[in-house]
Amino acid sequence: MIGVLASIIDGVLVGAVYGLAAMGLTLIWGVMRVINLTHGAIIVFGMFALYFFVSTLGLPAYAAVPFSLVFGFGFGVALYWIAAHRVIDRPILMSLLATFSMNMVLIGIGTALFSTSPYNVPVSLPGLRWQAYTFTGTHIVAAVIAVAIAGLLYLLLYRTRIGKAIRAVAGNRDAAELCGIPTTQVLSFAFGLGIALAFVSGTLIATLFPFTVLSGQAYQVKSFVVTVLGGLGNPAGALLGGITLGLIEGAATPFMPVSWIPIVEFVLFVIALLAFPRGIFSFSRS
Amino acid sequence: MNANKLCLFIAAAFLAAGPAVAQETLTIGFTVSQTGKLNNDSIAQMRGFELWRDQVNAAGGIKAGGKTYKINFVSYDDESQNTRVQQLYTRLISEDNAQFLFSPYSSGLVATAAIISEQYGKVMLTTGGAEEKTYRLGNKNLFQLYSPAGQYLAGAVQALKQINANAQIAFVYKDDPFSKAVAIATRELAAKQGFKLVLDESYSPDTTDFGPIINKVISAGATALIGGGHYPDGATLTRQLFDQKAGLKWVTLLVAPDSPNFATLGEAAVGISVPSQWEPQVAFKPDFGPSAAEFTKAFSAKYSIEPGYHAAGGYTAGLLLQHAIEQAGTIDQEKVADALNKTDATTLFGRTKFSTEAKEHGLQLGHEMVLAQWQMKGGKLSKEVIWPKSAKTAEILY
Chain A
0 MIGVLASIID GVLVGAVYGL AAMGLTLIWG VMRVINLTHG AIIVFGMFAL YFFVSTLGLP
60 AYAAVPFSLV FGFGFGVALY WIAAHRVIDR PILMSLLATF SMNMVLIGIG TALFSTSPYN
120 VPVSLPGLRW QAYTFTGTHI VAAVIAVAIA GLLYLLLYRT RIGKAIRAVA GNRDAAELCG
180 IPTTQVLSFA FGLGIALAFV SGTLIATLFP FTVLSGQAYQ VKSFVVTVLG GLGNPAGALL
240 GGITLGLIEG AATPFMPVSW IPIVEFVLFV IALLAFPRGI FSFSRS
Chain B
0 MNANKLCLFI AAAFLAAGPA VAQETLTIGF TVSQTGKLNN DSIAQMRGFE LWRDQVNAAG
60 GIKAGGKTYK INFVSYDDES QNTRVQQLYT RLISEDNAQF LFSPYSSGLV ATAAIISEQY
120 GKVMLTTGGA EEKTYRLGNK NLFQLYSPAG QYLAGAVQAL KQINANAQIA FVYKDDPFSK
180 AVAIATRELA AKQGFKLVLD ESYSPDTTDF GPIINKVISA GATALIGGGH YPDGATLTRQ
240 LFDQKAGLKW VTLLVAPDSP NFATLGEAAV GISVPSQWEP QVAFKPDFGP SAAEFTKAFS
300 AKYSIEPGYH AAGGYTAGLL LQHAIEQAGT IDQEKVADAL NKTDATTLFG RTKFSTEAKE
360 HGLQLGHEMV LAQWQMKGGK LSKEVIWPKS AKTAEILY
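Chains as they are written, first to last, in numbering that gives the first Met the number 0: chain A, 0 to 285; chain B, 0 to 397.
Structure, rendered in structure tokens:
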């Protein structure tokens with residue numbers, strides 16, 4: 000029983016980071032109806048940001064978090080103008096192809112720079128011990144930072160002028176334009192924000208596990224599951240979706256072979272799509 | 000005057016080109032996982048091939064039947080994917096006219112490449128293809144260098160038996176053909192030795208978080224963990240076992256800890272053991288080719304990194320092909336295959352002898368593995384041979 004609880008707690012801690020990653024994906028979808036397939040590549044770049052900070056510059060690991068937010072934002076704004084701006088009002092397939100192409104370009108650049116060899120950034124923090132089980136300090140800190148960043152995003156969206164503008168553009172772009180909101184700038188800001196969230200989640204994941212240039216794919220797939228669980232376009236739902244996914248993974252693992260867990264995840268994905276198309280937390284928005 | 004000089008120059012050029020025309024080229028084809036999940040070990044294997052080629056060409060080439068052959072490689076990046084291997088080995092044979100083949104890395108990719116090499120009747124030396132099944136399909140041109148998968152963890156079980164016969168073992172292994180073949184054979188071996196098996200879990204090749212599995216290992220009360228797969232998953236599992244203080248006294252993982260890169264895990268690597276096809280410390284007396292020490296020195300000088308068994312396996316593949324061609328006195332496929340069938344020799348890699356029985360042709364019979372363990376020596380991580388006793392360079396850390 001203690002083992003099950005330990006597994007659930009572990010799952011929730013990692014789930015918060017999955018949630019943060021998915022918030023970036025869902026924010027971009029919610030504001031501009033773009034399915035961002037560069038998501039996995041951006042997460043990987045966030046991982047290498049940590050490697051650069053710690054192994055190359057010799058700086059403390061968590062100093063990379065604010066850097067990742069700022070750099071990720073700038074990178075995201077640039078990416079918006081390169082890959083997203085011209086296809087936003089076109090059919091969804093266009094934006095899908097544009098971001099897919101950019102994903103291939105980014106992965107190609109990453110492979111050329113870093114190869115696909117594994118990288119490890121040793122980050123060690125004292126953890127909490129409960130009987131035979133240890134909750135590592137890095138998992139706890141990553142979860143706390145993920146929730147804190149999610150809180151900041153909430154404040155930005157609901158307590159600031161730019162947040163109001165983002166929500167207005169997400170609700171009705173034409174009406175927002177008529178009200179004098181510079182929608183193009185708001186869209187690039189929101190895209191930058193979404194990329195920054197993916198970037199910083201990559202940085203946090205790299206404090207937990209070794210990684211390669213190709214690691215982003217697995218997290219991108221998880222982000223899609225989390226996004227659907229939490230409701231497309233709903234950042235708060237994404238965080239809850241991430242935590243829920245982690246909780247389900249943690250609760251299921253003690254009772255079944257771990258190789259079955261991805262099957263459970265995708266069954267949930269399909270159920271959520273069919274039964275809760277607005278996400279399993281949609282009641283909170285009604 | 001100028002015309003005379005031109006004539007002299009042309010004549011000199013023809014004279015200089017004369018000996019080169021007499022020299023022939025032997026093309027060897029293979030794919031390398033330059034990218035993808037297998038690149039760490041596959042690139043090491045390729046470096047072994049390349050060092051052999053460079054040394055042979057520097058020495059003038061392979062001499063056989065009154066001719067000298069310079070080695071030419073044609074290789075492509077298979078991206079660690081089966082579909083690429085299938086396309087590229089066909090291309091290597093039909094378009095690039097490769098006369099002999101080396102295998103890609105890993106059992107899964109070797110199985111795919113073997114179908115193509117057999118279809119075209121090309122001799123292929125396999126390194127990094129330990130799973131036995133491929134050699135039990137009636138292939139006639141496949142020659143395995145590595146000890147088969149079933150033998151990988153036999154040394155680990157024997158060593159554990161000696162240290163703690165009451166150990167409770169958790170088997171945690173990657174869900175791929177090689178790792179599963181090893182796990183099945185080792186599970187039977189461990190059960191025969193009287194060990195209690197408390198957990199048997201395979202994990203998806205895409206697993207990024209081993210936390211839930213480690214909690215299961217702890218809940219099962221395991222004191223030893225045996226399994227793993229390849230580099231990325233093995234490195235992640237090792238780091239999380241350390242971070243989560245899983246309390247295991249014995250951990251043996253496949254493949255990953257053999258890589259020199261494993262030392263980047265720092266303290267987490269200490270005590271982790273790995274079945275190894277070869278270690279630089281081995282002291283076989285080679286019938287031909289360099290000793291392990293000479294190979295290690297040359298490899299380290301060229302690549303600024305100590306070779307692991309993947310690199311040594313790659314080099315030895317070249318060495319054995321060269322020996323077979325020299326013995327056959329020709330590059331004719333059938334005669335070279337005959338020479339390989341007759342091979343029973345010791346190289347820097349140890350003994351090599353291929354099965355010639357039709358039901359398992361090419362399966363490796365002569366080679367023996369060692370068990371190595373990462374230990375801290377003078378504040379630095381080093382990989383020591385701990386099993387068998389006759390080959391050990393350090394005591395077992397338990």
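The C-beta atom is built at its ideal place from N, Cα and C for all residues, glycine as well.
Only a predicted model underlies this, so the values are computations on that prediction, with no experimental measurement involved.
CA nearest to the CA of residue i, picked from the options
| i | options | result |
| --- | --- | --- |
| His229/B | Thr133/B, Ser389/B, Ser79/B, Leu396/B | Ser79/B |
| Leu112/A | Val212/A, Pro90/A, Gly2/A | Val212/A |
| Leu252/B | Thr185/B, Gly220/B, Asp286/B | Thr185/B |
| Glu187/B | Ile168/B, Leu37/B, Ile114/B, Glu333/B | Ile168/B |
| Met31/A | Ile42/A, Ile247/A, Gln184/A, Glu264/A | Gln184/A |
| Val122/A | Trp129/A, Thr115/A, Thr135/A | Thr135/A |
| Thr37/A | Leu56/A, Thr137/A, Ala195/A | Ala195/A |
| Thr235/B | Asn81/B, Phe142/B, Tyr202/B | Tyr202/B |
| Lys132/B | Val181/B, Asp174/B, Val84/B, Leu87/B | Val181/B |
| Pro125/A | Val140/A, Pro117/A, Thr115/A | Val140/A |
| Phe74/A | Ala189/A, Arg85/A, His138/A, Leu231/A | Ala189/A |
| Ile34/A | Leu273/A, Phe268/A, Leu95/A | Leu95/A |
| Leu320/B | Leu124/B, Gly59/B, Ala153/B | Leu124/B |
| Ile272/A | Gln219/A, Pro256/A, Ala251/A, Thr226/A | Per the sequence presented here, residue 272/A reads as Leu, with Ile not at that position. The candidate whose alpha carbon is nearest that of Leu272/A is Thr226/A. |
| Leu228/A | Val269/A, Ser214/A, Gly193/A | Val269/A |
Coil, strand or helix - residue i by DSSP
| i | result |
| --- | --- |
| Ile385/B | strand |
| Leu127/A | strand |
| Pro285/B | coil |
| Gln80/B | coil |
| Phe188/A | helix |
| Phe210/A | strand |
| Thr202/A | helix |
| Glu23/B | strand |
| Gln363/B | strand |
| Ala223/B | strand |
| Lys66/B | strand |
| Gln44/B | helix |
| Leu141/B | strand |
| Phe280/A | coil |
| Met0/A | coil |
| Met255/A | coil |
| Leu253/B | strand |
| Phe70/A | helix |
| Tyr151/B | coil |
| Lys36/B | coil |
| Leu380/B | strand |
Between the CA atoms of residue j and residue i - distance to the nearest angstrom
| i | j | result |
| --- | --- | --- |
| Ala268/B | Ala147/A | 33 Å |
| Pro181/A | Leu240/B | 52 Å |
| Ala97/A | Ala357/B | 54 Å |
| Phe223/A | Val171/B | 28 Å |
| Lys341/B | Thr355/B | 9 Å |
| Thr126/B | Lys244/B | 35 Å |
| Gly241/A | Ala205/A | 17 Å |
| Trp386/B | Ala43/B | 24 Å |
| Ile106/A | Thr34/B | 11 Å |
| Lys352/B | Val335/B | 15 Å |
| Val156/B | Ala63/A | 44 Å |
| Pro285/B | Gly233/B | 32 Å |
| Ala235/A | Ala197/A | 15 Å |
| Tyr68/B | Asp95/B | 17 Å |
| Gln280/B | Gly45/A | 40 Å |
| Ala21/A | Phe294/B | 50 Å |
| Leu380/B | Val199/A | 32 Å |
Residues bridged to residue i [DSSP beta-bridge criterion]
| i | result |
| --- | --- |
| Gly28/B | Val73/B, Leu100/B |
| Leu370/B | Pro274/B, Trp386/B |
| Asp199/B | Phe170/B |
| Leu154/A | Beta-bridge pairing links Leu154/A to no other residue. |
| Asp343/B | Lys352/B |
| Leu291/A | Here chain A comprises residues numbered 0 to 285, so residue 291/A is not present and cannot be evaluated. |
| Phe134/A | Leu127/A |
For residue j and residue i, believed in contact at Cβ under 8 Å, the rounded distance
| i | j | result |
| --- | --- | --- |
| Arg40/B | Tyr104/B | Looking at the sequence provided, one finds Asp at residue 40/B rather than Arg. Yes, Asp40/B and Tyr104/B are in contact; Cβ-Cβ is about 6 Å, under 8 Å. |
| Ala148/B | Phe177/B | 6 Å |
| Thr82/B | Ile115/B | The pair is not a contact, with the Cβ atoms about 12 Å apart (cut-off 8 Å). |
| Val197/B | Ala219/B | 4 Å |
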